[in-house]
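For the sequence shown, our numbering begins at 41 and goes up steadily by one.
As structure tokens, the structure follows; a few thoughts come after it.
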Amino acid sequence: MAIISDSSCNMKSIICNIGRWPPFVTTLPHCAWLGVLCDASGSEVIFSNLNFSLLSSLTLLDFSHNRLAGKIPLQICTLSRLTYLDLSSNSLTSELPPCVQNLTRLQVLNIGVNYISGSIPAKLGNLERLTNLDLKYNLLNGAIPLTIGRLHNLRSLRFSSNNLSGSIPLELGNLAKMNVIDLSFNNFTSPIPSSIGNLTSLTNLSWRGNKLGGSIPPEIGNLTNLTYLYLQENKLGGCIPSQIGNLKSLVELNLHENIIECAIPSEMGDLRDLQQLDLSSNNLVGEIPVELGKLRLLNYLDLRSNPLFGSIPDNLRVVEYCFLFRHATKTEQPKTTEKNGNFLSIWNYDGRIAYEDIIDAREDFDLRYCIETGGYGSVYRARLPNGKVVALKKLHRLEAEDPSFDKSFRNEVKLLTEAFVSDFGTARLLDHDSSSNFTANIAGTYGYIAPELAYTLVVNEKCDVYSFGVVIMETMMGEHPRDIISILLTSSGEDIMLHKILDRRLPFPRENSIVRSIVLIVSLALACLSANPKSRPTMKQVSETFLAQKSPLAQPFHEISLAQLRYMNRSRLEGESTEASSG
41 MAIISDSSCN MKSIICNIGR WPPFVTTLPH CAWLGVLCDA SGSEVIFSNL
91 NFSLLSSLTL LDFSHNRLAG KIPLQICTLS RLTYLDLSSN SLTSELPPCV
141 QNLTRLQVLN IGVNYISGSI PAKLGNLERL TNLDLKYNLL NGAIPLTIGR
191 LHNLRSLRFS SNNLSGSIPL ELGNLAKMNV IDLSFNNFTS PIPSSIGNLT
241 SLTNLSWRGN KLGGSIPPEI GNLTNLTYLY LQENKLGGCI PSQIGNLKSL
291 VELNLHENII ECAIPSEMGD LRDLQQLDLS SNNLVGEIPV ELGKLRLLNY
341 LDLRSNPLFG SIPDNLRVVE YCFLFRHATK TEQPKTTEKN GNFLSIWNYD
391 GRIAYEDIID AREDFDLRYC IETGGYGSVY RARLPNGKVV ALKKLHRLEA
441 EDPSFDKSFR NEVKLLTEAF VSDFGTARLL DHDSSSNFTA NIAGTYGYIA
491 PELAYTLVVN EKCDVYSFGV VIMETMMGEH PRDIISILLT SSGEDIMLHK
541 ILDRRLPFPR ENSIVRSIVL IVSLALACLS ANPKSRPTMK QVSETFLAQK
591 SPLAQPFHEI SLAQLRYMNR SRLEGESTEA SSG
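Below, the structure written as structure tokens:
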């Protein structure tokens, strides 16, 4: 096994604390000690044949955030007095040794963020003193052993981002002291067990990104201390139980991308502490209940892609970020010659406007259809195969960036009707006969348009910068960053570690050059996603930063959070602005 430190001085201190070597030996350089091998710099140490039995009095062993590789040595199981074992954030492989059951005094076992494979040993159920069990971000497969129900002192269980499958055991309901259960991003297929209602101390329940079926059990209403409930990206159906209104401590509720039916229960208006509510991409029907207006702390509401109807309740208009896009219902239409569908308002738009329709409509930007030409592009009038009249803007290639771009861009977009839409550099008009109970229609590939378009109706470069940020984050995460965006927009107190958002299908980054590139790319993407358009960089700034030399990291990759990257970006951009003004 290997340990990494920033300096040989620190490394020597670490090894001395192990207590294996007598004082007269430790006066020599640590690389000269018996049983210690070093690399050229002395910063990487390999213990050859380290006898863990000599450490029989050890109660705490923390080798986290290093470069430990290979199997977990069986000798660790001889440390019978251990109460704390943390091997997280390394490169450990193979299976979790069953002999861990011998560490019966363990209270904390953390082997998260490694490459541990195989199944979870059933004998872990013998560690009845455990309060924290963390096996997240590994390659574990199979089912959760039923013996997990014996861990009556358990308060935190984190098995997220593995390949676990099967049913969520009913025995979880025996763990009455549990505060946090995170089983997200696995392959569980069972319904949510009704025994979950026994966990009345639970504050955080995250089971997103599985294949959970059935319906949300009414017993979930017993979890009156629950603060965060994440069940998005599953296959949950049925109705949202009215007992959801009992969760008076709930701050965030996310049921996005399920197949939940029925109406939104009016009891949701009783969630007095709720700040974020995402029910998008379901089959919810009926009107938006006026009771949601009682949620005085609500600052993020997403009801997109549901067959809801009616108007927005007046008392919801104070919500800072509100997405209420209507579902594209399938109705019988007269036969037409359209090939690829028509242009819909954002309330019906599904993001699949065909490139062929645009090409045919503009006849390769024939000058006959040019309405106006400006310094940054030309606006064309076009008619789609279905008869809809739209306006298309073709942007010219920019040779240099000009601060007048924003004003010029707005002046060049000439509207044929009272509303327009934006989609990453192409301005299009809504059809004049679209009807809505809302004051404005803005269309584009939802999830990619800048949030301020909902109330400013102004398309400028900063909107495209925002869309660029979404695309970059989607590339890094392997999925749309909707949850990250909601946190950025709502000033949520939740912070997220950078390594947790990366595409889990890719190998964990180890090389310094790759790690530095990831930090730079994500930090730029976060800057592009700033809720304040004025705080977003220009594309020129983004390009120059990409090309600049990447600075070494000031701290280990595992310790970098998104909040730190946002602060780093803000400081850098403010520095560039100061230099520009002084120049």
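Glycine included, C-beta positions come from ideal geometry on N, C-alpha and C.
Since this is a predicted model, take the numbers as computed values, not measurements.
Check E259 in the structure and name its three-state DSSP category.
Look at E259 here: in three-state DSSP terms it is helix.
Count Cβ pairs between the region 570 to 587 and the region 514 to 522 that sit closer than 8 Å; are there 3 or more?
Proximity of the region 570 to 587 to the region 514 to 522 falls short of the contact definition, fewer than three beta-carbon pairs being nearer than 8 Å.
Residues bridged to R198 [DSSP beta-bridge criterion]:
Its beta-bridge partners are D174, D222.
Is it buried or exposed for E297, if we count other Cβ within 10 angstroms and need 16 for buried?
With 16 or more other Cβ atoms within 10 Å, it is buried.
Is there a C-beta anywhere in chain D that falls below 8 Å from the one on V582?
Within the model displayed, chain D is absent; a lone protein chain is all it includes.
Give the secondary structure of E301 by DSSP, where H, G and I count as helix, E and B as strand, and everything else as coil.
Residue state, collapsed to three classes: strand.
Report all residues from its chain with a CB closer than 6 Å to the CB of N202; omit the five preceding and five following residues, and keep chain order.
Beyond the five residues adjoining it in sequence on each side, N202 comes within less than 6 Å, by CB distance, of N178, L180, N226 in the same chain, given in chain order.
Look at Y488 and L569 and say whether their C-beta atoms are less than 8 Å apart.
Using a Cβ distance threshold of 8 Å, Y488 and L569 do not count as a contacting pair.
Nonlocal neighbours in the same chain, by C-beta distance under 8 Å from L276, ignoring five residues either side:
Only I232, L252, G253, G254, S255, I256, L295, N298, I299, I300 meet the Cβ criterion.
Which of the three DSSP states, helix, strand or coil, is assigned to N380?
Confidence at N380 is low in this model, with a pLDDT of 34, below 50, so the placement of that residue should be treated as unreliable; the coordinate-derived value is given next. N380: coil per DSSP, three-state reduction.
Indicate the three-state DSSP secondary structure (helix, strand or coil) for F548 in the structure shown.
DSSP places F548 outside both helix and strand once states are collapsed to three, so it counts as coil.
Apart from the five residues on each side of it in sequence, which residues of its chain come closer than 8 Å, Cβ to Cβ, to S224?
Hits under 8 Å: S200, S201, S246, W247, R248, G249, N250, Y270.
Option in S575, L319, G333 with minimal Cα separation from D313
Taking only the C-alpha atoms, the option nearest D313 is G333.
Would you identify the three-state DSSP class for L100, choosing helix, strand or coil?
If DSSP states are grouped into helix, strand and coil, L100 belongs with the strands.
Quick check on the DSSP output: the beta strand (DSSP E) that includes Y488 runs from which residue to which?
Taken as a continuous stretch (DSSP letters only), Y488 belongs to no beta strand (DSSP E), as it is neither H nor E.
Inspect the beta-carbon positions of L319 and L290 and report whether they are closer than 8 Å.
No, these two residues do not count as a Cβ contact at 8 Å.
Using only alpha-carbon positions, find the residue among G189, I151, S96, N150 that is nearest to K163.
Taking each of G189, I151, S96, N150 in turn and checking the Cα distance to K163, the smallest one comes out for G189.
Use the C-beta contact count for S129: other C-beta atoms within 10 angstroms, 16 or more gives buried, fewer gives exposed.
Classification of S129: buried, given that the 10 Å Cβ count is 16 or more.
Using beta-carbon positions only, say whether L127 and L146 come within less than 8 Å of one another.
No, Cβ-Cβ distance for L127 and L146 is not below 8 Å.
Assumed close pair S96, L119 - CB separation to whole angstroms, cut-off 8 Å
Yes, S96 and L119 are in contact; Cβ-Cβ is about 7 Å, under 8 Å.
What's the gap between the Cα of P596 and the Cα of P281?
Distance between P596 and P281, taken at the CA atoms: about 44 Å.
Given a cut-off of 8 Å, decide if I284 and G261 are closer than it, judged by their beta-carbon atoms.
Yes, the pair counts as a contact, with Cβ atoms nearer than the cut-off.
Kindly indicate the opening and closing residues of the beta strand (DSSP E) around T206.
Before going further, note that residue 206 is Gly rather than Thr in the sequence given. Taken as a continuous stretch (DSSP letters only), the beta strand (DSSP E) holding G206 covers 203 to 206.
Put P573 into one of helix, strand or coil per three-state DSSP.
Residue state, collapsed to three classes: helix.
Determine the direct distance from the alpha carbon of E501 to that of I156, and round the result to whole angstroms.
Rounded to whole angstroms, the separation of the alpha carbons of E501 and I156 is 46 Å.
Classify Q316 as helix, strand or coil using the three-state DSSP reduction.
Q316 falls in the strand class under three-state DSSP.
Nonlocal neighbours in the same chain, by C-beta distance under 7 Å from L210, ignoring five residues either side:
Counting only Cβ-Cβ distances below 7 Å, and skipping sequence neighbours, we find P233, S235.
Which same chain residues end up closer than 7 Å to V562 when comparing Cβ atoms and leaving out the 5 residues on each side of it in sequence?
Result list for V562: M516, L538, L605, in chain order.
What's the call for E273, buried or exposed, on a 16-neighbour Cβ count within 10 Å?
In summary, E273 is buried, with 16 or more beta-carbon neighbours lying within 10 Å of its beta-carbon over all protein chains present.
Should N552 go down as buried or exposed, given a rule of 16 or more other Cβ atoms within 10 Å for buried?
Its Cβ having fewer than 16 others within 10 Å, N552 is exposed.
Give me the residue from N106, V148, P161 with the minimum Cα distance to T171.
When only C-alpha atoms are compared, the closest one is V148.
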